[in-house]
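Asker: Mind looking over this structure? Questions follow.
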Amino acid sequence: MRIRGADEEKGDVHHHHGEYNMHLWLSPEIARATAVAIHEKLVELMPQSRAKLDANLKDFEAQLAATDKQVGNELAPLKGKGYFVFHDAYGYYEKHYGLTPLGHFTVNPEIQPGAQRLHEIRTQLVEQKATCVFAEPQFRPAVVEAVARGTSVRMGTLDPLGTNIKLGKTSYSAFLSQLANQYASCLKGD
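Letter 27 of the sequence shown, counting from 1, is numbered 685 in my numbering, and no numbers are missing.
Encoded structure:
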(Lines of atoms letter the chains of each structure in order from A; the text may use other names.)
(Lines give C-alpha, C1' and ligand atoms only; values in the text may rest on other atoms or scores of the structure.)
Protein backbone atom coordinates (compact mmCIF):
# COMPACT_ATOMS: atom_id res chain seq x y z
CA MET A 659 0.00 0.00 0.00
CA ARG A 660 1.53 3.32 -1.07
CA ILE A 661 0.64 6.24 1.15
CA ARG A 662 1.68 9.80 0.45
CA GLY A 663 1.48 12.90 2.58
CA ALA A 664 -1.93 14.30 3.41
CA ASP A 665 -1.24 17.45 1.37
CA GLU A 666 -0.29 15.58 -1.80
CA GLU A 667 -3.00 17.12 -3.93
CA LYS A 668 -1.39 20.49 -3.32
CA GLY A 669 1.90 19.12 -4.66
CA ASP A 670 3.41 19.43 -1.21
CA VAL A 671 5.29 16.18 -0.77
CA HIS A 672 8.49 17.56 0.69
CA HIS A 673 7.22 17.55 4.28
CA HIS A 674 6.42 14.60 6.51
CA HIS A 675 10.01 13.44 6.94
CA GLY A 676 10.30 12.72 3.23
CA GLU A 677 7.86 11.87 0.48
CA TYR A 678 5.49 9.92 2.72
CA ASN A 679 3.57 10.94 5.81
CA MET A 680 4.33 8.12 8.20
CA HIS A 681 1.89 9.32 10.89
CA LEU A 682 -0.69 6.80 9.68
CA TRP A 683 -2.40 6.36 13.03
CA LEU A 684 -3.67 9.94 12.79
CA SER A 685 -6.05 8.96 9.98
CA PRO A 686 -9.36 7.33 10.95
CA GLU A 687 -9.69 6.09 7.33
CA ILE A 688 -6.28 4.42 7.36
CA ALA A 689 -6.97 3.00 10.83
CA ARG A 690 -10.16 1.37 9.56
CA ALA A 691 -8.42 0.00 6.44
CA THR A 692 -5.61 -1.32 8.64
CA ALA A 693 -8.08 -3.04 10.96
CA VAL A 694 -9.77 -4.69 7.97
CA ALA A 695 -6.41 -5.87 6.57
CA ILE A 696 -5.35 -7.24 9.97
CA HIS A 697 -8.73 -8.95 10.33
CA GLU A 698 -8.37 -10.60 6.91
CA LYS A 699 -4.88 -11.89 7.70
CA LEU A 700 -5.90 -13.17 11.13
CA VAL A 701 -8.90 -14.99 9.63
CA GLU A 702 -6.50 -16.58 7.15
CA LEU A 703 -4.14 -17.64 9.95
CA MET A 704 -6.82 -18.62 12.49
CA PRO A 705 -9.99 -19.61 10.62
CA GLN A 706 -11.31 -21.30 13.76
CA SER A 707 -11.53 -17.85 15.40
CA ARG A 708 -13.44 -16.17 12.58
CA ALA A 709 -16.59 -15.46 14.60
CA LYS A 710 -14.65 -13.68 17.34
CA LEU A 711 -12.48 -11.81 14.82
CA ASP A 712 -15.57 -10.74 12.87
CA ALA A 713 -17.23 -9.51 16.07
CA ASN A 714 -14.10 -7.59 17.10
CA LEU A 715 -13.86 -5.90 13.71
CA LYS A 716 -17.56 -5.03 13.75
CA ASP A 717 -17.21 -3.53 17.25
CA PHE A 718 -14.11 -1.54 16.23
CA GLU A 719 -15.79 -0.18 13.10
CA ALA A 720 -18.95 0.81 15.01
CA GLN A 721 -16.93 2.48 17.75
CA LEU A 722 -14.74 4.25 15.19
CA ALA A 723 -17.78 5.53 13.26
CA ALA A 724 -19.38 6.89 16.44
CA THR A 725 -16.14 8.51 17.60
CA ASP A 726 -15.46 9.94 14.14
CA LYS A 727 -18.90 11.58 14.12
CA GLN A 728 -18.46 12.93 17.67
CA VAL A 729 -14.98 14.31 16.89
CA GLY A 730 -16.22 15.81 13.63
CA ASN A 731 -19.03 17.59 15.50
CA GLU A 732 -16.62 18.86 18.16
CA LEU A 733 -14.13 20.20 15.61
CA ALA A 734 -16.62 21.60 13.05
CA PRO A 735 -16.96 25.01 14.77
CA LEU A 736 -13.16 25.37 14.73
CA LYS A 737 -12.79 25.31 10.95
CA GLY A 738 -11.08 28.45 9.77
CA LYS A 739 -9.24 29.07 13.05
CA GLY A 740 -5.57 29.02 12.10
CA TYR A 741 -2.76 27.57 14.18
CA PHE A 742 0.81 26.32 14.09
CA VAL A 743 1.99 22.90 15.28
CA PHE A 744 5.40 21.92 16.61
CA HIS A 745 6.00 19.43 13.80
CA ASP A 746 4.10 18.31 10.73
CA ALA A 747 2.62 15.11 12.13
CA TYR A 748 -1.05 15.99 11.88
CA GLY A 749 -1.80 16.21 8.16
CA TYR A 750 -4.12 13.20 7.99
CA TYR A 751 -6.10 14.29 11.05
CA GLU A 752 -6.28 17.92 9.91
CA LYS A 753 -7.45 17.01 6.44
CA HIS A 754 -10.01 14.47 7.68
CA TYR A 755 -11.60 16.96 10.08
CA GLY A 756 -11.19 20.08 7.93
CA LEU A 757 -8.89 21.96 10.30
CA THR A 758 -6.86 25.01 9.26
CA PRO A 759 -3.14 24.59 9.94
CA LEU A 760 -1.01 27.60 9.04
CA GLY A 761 2.31 25.83 9.36
CA HIS A 762 4.73 23.93 11.54
CA PHE A 763 7.92 24.75 13.41
CA THR A 764 9.93 21.81 12.14
CA VAL A 765 9.68 18.78 9.87
CA ASN A 766 11.87 16.68 12.17
CA PRO A 767 11.03 17.15 15.86
CA GLU A 768 14.58 16.13 16.80
CA ILE A 769 15.98 19.21 15.03
CA GLN A 770 15.18 22.63 16.48
CA PRO A 771 14.37 25.37 13.96
CA GLY A 772 16.94 28.13 13.48
CA ALA A 773 16.60 31.81 14.36
CA GLN A 774 15.51 32.79 10.84
CA ARG A 775 12.77 30.14 10.78
CA LEU A 776 11.56 31.22 14.23
CA HIS A 777 11.39 34.85 13.06
CA GLU A 778 9.38 33.76 9.99
CA ILE A 779 6.96 31.80 12.18
CA ARG A 780 6.52 34.69 14.60
CA THR A 781 5.79 37.02 11.67
CA GLN A 782 3.25 34.52 10.28
CA LEU A 783 1.59 34.15 13.70
CA VAL A 784 0.87 37.86 13.74
CA GLU A 785 0.15 38.43 10.03
CA GLN A 786 -2.10 35.39 9.63
CA LYS A 787 -3.80 36.00 12.97
CA ALA A 788 -3.09 32.52 14.31
CA THR A 789 -5.28 31.49 17.21
CA CYS A 790 -2.93 28.91 18.73
CA VAL A 791 0.49 27.35 18.67
CA PHE A 792 0.74 23.74 19.77
CA ALA A 793 3.67 22.09 21.53
CA GLU A 794 4.00 18.34 22.18
CA PRO A 795 4.63 16.63 25.53
CA GLN A 796 7.48 14.58 24.03
CA PHE A 797 9.58 17.70 23.30
CA ARG A 798 10.58 20.81 25.23
CA PRO A 799 8.11 23.62 24.52
CA ALA A 800 10.73 26.39 24.95
CA VAL A 801 10.82 27.14 21.21
CA VAL A 802 7.04 27.37 21.00
CA GLU A 803 6.91 29.54 24.14
CA ALA A 804 9.56 31.90 22.76
CA VAL A 805 7.72 32.40 19.48
CA ALA A 806 4.34 32.98 21.15
CA ARG A 807 5.69 35.33 23.85
CA GLY A 808 4.35 38.85 23.50
CA THR A 809 1.56 37.90 21.09
CA SER A 810 -2.13 37.19 21.68
CA VAL A 811 -1.65 33.64 20.39
CA ARG A 812 -2.66 30.94 22.87
CA MET A 813 -0.49 27.92 23.58
CA GLY A 814 -1.78 24.36 23.61
CA THR A 815 -0.41 20.84 23.64
CA LEU A 816 -1.14 18.06 21.15
CA ASP A 817 -0.10 14.52 22.01
CA PRO A 818 0.27 12.61 18.72
CA LEU A 819 1.26 9.45 20.61
CA GLY A 820 -1.56 9.31 23.14
CA THR A 821 0.98 8.67 25.88
CA ASN A 822 -1.55 8.80 28.74
CA ILE A 823 -4.19 6.62 27.11
CA LYS A 824 -4.65 3.24 28.72
CA LEU A 825 -4.42 0.37 26.23
CA GLY A 826 -7.67 -1.46 25.65
CA LYS A 827 -10.56 -1.95 23.26
CA THR A 828 -11.41 1.74 23.23
CA SER A 829 -7.85 3.12 23.05
CA TYR A 830 -7.99 4.34 19.47
CA SER A 831 -11.31 6.10 19.95
CA ALA A 832 -10.01 7.63 23.18
CA PHE A 833 -6.94 8.83 21.27
CA LEU A 834 -9.00 10.52 18.54
CA SER A 835 -11.23 12.15 21.16
CA GLN A 836 -8.28 13.30 23.26
CA LEU A 837 -6.68 14.95 20.24
CA ALA A 838 -9.98 16.69 19.42
CA ASN A 839 -10.22 17.95 22.99
CA GLN A 840 -6.64 19.25 22.81
CA TYR A 841 -7.35 21.13 19.58
CA ALA A 842 -10.65 22.50 20.89
CA SER A 843 -9.24 23.57 24.24
CA CYS A 844 -6.76 25.95 22.62
CA LEU A 845 -8.72 26.99 19.53
CA LYS A 846 -11.89 27.81 21.50
CA GLY A 847 -9.91 29.44 24.28
CA ASP A 848 -11.30 27.22 27.05
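Even glycine gets a Cβ: it sits at the ideal position worked out from N, Cα and C.
Everything numeric in this text was worked out from a predicted model, so none of it was measured.
Please go through the stretch 780-840 and give each complete beta strand (DSSP E) segment of 3 or more residues, from N-terminal end onward.
Answerer: Complete beta strand (DSSP E) runs here, min 3: 790-793, 812-815.
Asker: For K727, count the other beta carbons within 10 Å of its own beta carbon; 16 or more makes it buried, fewer makes it exposed. Which is it?
Answerer: Under this definition K727 is an exposed residue.
Asker: Helix or strand or just coil, what does DSSP make of P771?
Answerer: The answer is coil: DSSP assigns P771 none of H, G, I, E or B.
Asker: DSSP three-state label for L760, please.
Answerer: Note: L760 maps to strand in three-state DSSP.
Asker: Flag this pair as yes or no: are the beta carbons of Y751 and L837 separated by less than 8 Å?
Answerer: Closer than 8 Å, so yes.
Asker: Is V805 near C790, with beta carbons less than 8 Å apart?
Answerer: Their beta carbons are not under 8 Å apart, which means V805 does not touch C790 by this criterion.
Asker: Quick check: the stretch 727-744 against the stretch 782-798, are at least 3 beta-carbon pairs closer than 8 Å?
Answerer: At 8 Å Cβ cutoff, the stretches touch.
Asker: Apart from the five residues on each side of it in sequence, which residues of its chain come closer than 8 Å, Cβ to Cβ, to L700?
Answerer: The residues are S707, L711.
Asker: What's the call for P686, buried or exposed, on a 16-neighbour Cβ count within 10 Å?
Answerer: Classification for P686: buried.
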